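One structure is given here, and the rest of the page talks about it.
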Amino acid sequence: MAGVTAKILHVDLSAQTTRVEEIPEPVLRRHLGGGGLAAYLLLRDMPPGVDPLGPDNVLVFTTSIINGLSLSGTNRYTAAAKSPLTGGYGESEAGGWWAPELRAAGYDGIAVRGRAESPVYLWIKDGQVEFRDARPYWGKLSGEVQEGIEQELGDKRIRVLQTGISGERGVRFAAIVNQLKHFHGRCGLGAVMGAKNLKAIAVRGAKINAPLDKVGAKATLTYFKDHYDRARDRFHQTGTAGGLLNLEASGILPTRNFRDGSFEHAKAISGQKMAETILVNRGTCYACMVACKREVEVKELGVTPRFGGPEYESLAATGSLCGVGDLNALAKINQLLAQYVLDSISTGVAIAFAMECYEHGIITKADTGGVELVWGSAEAVEHLVHLIGRREGIGELLGEGVKRAADRLGRGAERFAMHVKGQELPMHDPRGKKSLALAYALSPTGADHMEAPHDPLYEGFHPDGHPLGGLGLIEPVKMLDFGPRKVRAYYYTQQVWSFYNSVGMCDFVGTPLNALGLEQFIGYVNSVTGWNMSLYELMKVGERSNTLARLFNCREGFTPADDVLPARMHEGIGNGALKGERVDPEQFLAARRLYYEMAGWDAETGQPTAARLAELEVDTSVFQAV
Ligand code: SF4
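Residues in the sequence shown are numbered consecutively from 4, following the working numbering.
Structure representation (structure tokens):
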């Protein structure tokens with residue numbers, strides 16, 4: 004044993020008490036941190052059936068064994084709880100500055116239960132924890148909260164994690180943000196925080212976390228420095244928004260609520276256009292050389308770089324998906340989403356849903372306060388962001404998420420509700436990227452585009468030193484292939500993404516999307532911890548993490564009937580290069596069945612089998628009601 008453990012701060016908001024738990028080394032090595040450890044804690048500490056917006060939900064924040072050290076991309080961490088959007092496992096990763104500071108303050112994670120009597124925030128400094136009055140910040144936009152807490156504590160270098168007005172008011176896709184720009188966007192975890200009357204967690208610390216083997220760790224830093232080329236890195240140059248034009252060219256830029264795959268104003272809202280016009284800076288996360296984040300300014304609309312700038316998902320969700328082709332307006336909308344702390348994907352999909360309902364007379368002007376919800380109207384999108392953020396007017400309905408909103412509206416609205424398990428679809432179309440049909444249908448959190456790298460990457464597999472060649476991925480698999488080779492490629496790469504989420508590694512720094520190779524990365528993990536982990540063991544961490552999240556959902560009553568896609572995905576794309584392309588229902592079911600068998604999930608119940616649990620060394624006796 005190398006003596007590597009993790010300190011979890013347990014906080015009971017009802018009793019206003021805290022205690023510290025030390026995660027033993029074997030448990031930590033099996034889960035590493037992040038998503039893996041979060042799923043373990045939720046299964047262990049929360050019974051099934053709790054109300055996601057009640058005091059018994061447990062909200063955890065987990066960093067990892069390498070978080071806060073010097074390697075680019077290792078600042079990421081996880082927020083997780085039972086999701087108010089899906090009623091199942093909710094997990095969402097963010098980067099930024101908060102997690103390294105939490106570790107510097109002496110904790111590797113926080114688990115919050117209960118509900119404070121009135122709004123509080125936590126102030127954690129060098130191991131000390133204080134419950135402080137957050138009433139002055141309740142009902143305030145994110146910028147005011149950040150500034151207010153900095154002033155109150157008299158320290159500009161504190162790091163603040165907060166929920167927004169949307170989270171206070173129970174919008175089911177409210178997000179959590181740190182330092183105004185780094186979001187846990189998905190699964191409505193901001194609403195869980197709001198329901199607990201927990202406005203924010205401010206952290207500051209002086210502890211230095213260092214690798215056990217400094218020379219070995221430095222070798223990985225040197226490798227990355229030598230192999231990373233900023234001038235040629237698309238993530239640095241155009242950010243995630245740089246991919247928008249590729250998707251347009253491929254005919255899979257989600258447009259007008261996924262009816263179309265090509266948007267006539269794609270160029271006008273692209274990352275390239277942003278770089279030429281409103282981009283003023285490239286932001287970054289703690290110790291990251293890649294600096295993929297956008298910071299934009301539109302003075303005449305009051306848009307400031309303080310809130311960063313739109314990522315691809317935001318541009319597409321509030322842009323092409325709603326027919327809006329005005330980049331400046333999208334920058335303003337993006338800022339509003341940040342100020343209310345809303346998930347930009349779910350918000351955009353909810354608005355596109357409302358627009359299509361409006362087109363079909365299911366929603367009328369009487370419902371919108373006189374606003375015309377027509378495709379392409381930036382004013383309508385902006386108006387609805389305010390209403391959703393404040394949960395007022397039709398924003399109360401849309402803030403429930405499209406699944407619940409469609410149920411309430413009836414009259415065929417479900418046809419326009421793009422969701423899986425209640426979570427709105429991200430801005431990638433499974434009809435042109437077939438592996439996403441599995442990612443969306445099978446992800447424990449509902450539709451999720453960050454389960455694995457996407458199909459264009461699979462097309463590039465080759466035997467001559469491909470970075471994933473060590474996994475046996477050495478032959479190209481075509482974009483529209485949806486056979487066994489695609490399922491295998493997805494299954495393997497999903498484990499890589501999953502262990503990245505557990506170890507807190509950014510997908511935009513690690514291979515296969517960027518220059519940090521798997522071998523060098525594993526070397527780094529071992530240098531930090533003194534362990535002798537292999538690629539095999541890390542892949543098992545990924546598989547275990549997915550399996551635990553699946554167990555969580557099975558415990559909540561999910562079945563294979565929930566592993567499905569919206570009907571529109573089985574209909575042809577309306578225009579563009581892939582006009583008419585669809586996800587064939589038979590092919591989908593065959594691929595799903597194959598995935599179940601690979602994952603060791605029972606074909607009838609969807610439950611992980613006893614054999615797979617044993618193989619992954621999952622001890623269900625420590626979990627509640629599994
Ligand atoms: S690549 Fe981007 S998101 Fe990832 S850690 Fe670096 S700056 Fe943050």
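Backbone N, C-alpha and C fix where the C-beta goes; we use that ideal spot for every residue, glycine too.
Please read all numbers here as calculations on a predicted model, not as lab measurements.
Look at alanine 252: its beta carbon is at least 8 angstroms from all of the heavy atoms in the ligand SF4. Comparing alpha carbon positions, the residue from Glu462, Gly36, Leu460 and His389 closest to arginine 106 is Gly36. One alpha carbon belongs to glycine 99, the other to lysine 296, and they sit about 10 angstroms apart. Trp534 is the residue among Gln590, Arg585, Trp534 and Leu541 whose C-alpha sits nearest the C-alpha of aspartate 216. For histidine 431, the secondary structure class from DSSP, reduced to helix, strand or coil, is coil. Serine 349 sits in a helix when the DSSP states are folded into three classes. In the three-state reduction of the DSSP assignment, proline 103 falls in the helix class. A residue is called buried when at least 16 other Cβ atoms come within 10 angstroms of its Cβ; serine 624 does not meet this threshold and is exposed.
DSSP places tyrosine 110 in no beta strand (DSSP E); its state is neither H nor E.
Ranked by how close their Cα comes to the Cα of histidine 34, the residues Ile255, Ser86, Val621 and His239 have Val621 in first place.
Residues Pro515 of the same chain have their beta carbon placed closer than 6 angstroms to that of leucine 471, with the five preceding and five following residues left out of the count. Residue burial annotation: glycine 246 is buried, with at least 16 other C-beta atoms found within 10 angstroms of its C-beta.
For phenylalanine 64, the uninterrupted beta strand (DSSP E) segment begins and ends at 62–65. Proximity to histidine 13 across Val30, Thr371, Val7 and Asp48 peaks at Asp48, based on C-alpha coordinates. With a cut-off of 8 angstroms, the C-beta of cysteine 325 is classified as distant from the ligand SF4, since no heavy atom of the ligand falls inside that distance.
In its chain, beyond the 5 residues on either side, Ser438, Ala442, Tyr493, Thr496, Gln497, Val499 and Trp500 have a beta carbon closer than 8 angstroms to the beta carbon of alanine 455.
Threonine 77 and aspartate 510 have their C-alpha atoms spaced approximately 10 angstroms apart.
Straight through space, the alpha carbons of glutamate 462 and glycine 142 are spaced by roughly 48 angstroms.
Scanning its chain for C-beta atoms nearer than 6 angstroms, with the 5 sequence neighbours on each side dropped, one finds around glycine 219 the residues Ser530, in chain order. If you ignore the 5 residues before and after arginine 547, its C-beta comes within less than 6 angstroms of the C-beta of Leu619, all in its own chain and listed in chain order.
According to DSSP, residue pairing for histidine 185 in a beta bridge involves Asn181.
Contact check for lysine 368 and glutamate 362: beta-carbon distance about 13 angstroms, past the 8 angstroms limit, so the pair fails to qualify. Between the C-alpha atoms of glutamate 94 and arginine 596 there is a straight-line separation of about 25 angstroms. The beta carbon of aspartate 346 is closer than 7 angstroms to those of Phe176, Ala178, Gly188 and Arg189 in its chain, skipping five residues each way along the sequence. DSSP places isoleucine 477 outside both helix and strand once states are collapsed to three, so it counts as coil.
Going by C-alpha positions, asparagine 60 is about 19 angstroms away from glycine 449. Residue environment for glutamate 251: buried (at least 16 other C-beta atoms within 10 angstroms of its C-beta). Under the Cβ criterion (8 angstroms, minimum of three pairs), the stretch 338–345 counts as touching the stretch 157–170. Looking only at Val388, Trp378 and Glu359, the smallest Cα-Cα distance to leucine 412 is reached by Glu359. A distance criterion of 8 angstroms places the beta-carbon of valine 506 beyond contact range of the ligand SF4, judged by its closest non-hydrogen atom. Counting only residues of its own chain and dropping the five nearest sequence neighbours on each side, leucine 538 has a CB closer than 7 angstroms to the CB of Gly473, Leu521 and Ile525. Within the model, the alpha-carbon separation for valine 30 versus phenylalanine 626 is close to 13 angstroms.
Bounds of the alpha helix (DSSP H) holding leucine 224 are 217–230. Annotation for glutamine 131: no alpha helix (DSSP H) segment contains it, though the beta strand (DSSP E) segment containing it runs 131–136.
The three-state secondary structure of threonine 623, taken from DSSP, is helix.
Counting every other CB atom within 10 Å of its CB across the protein chains shown gives glutamate 316 a total of 16 or more, marking it as buried.
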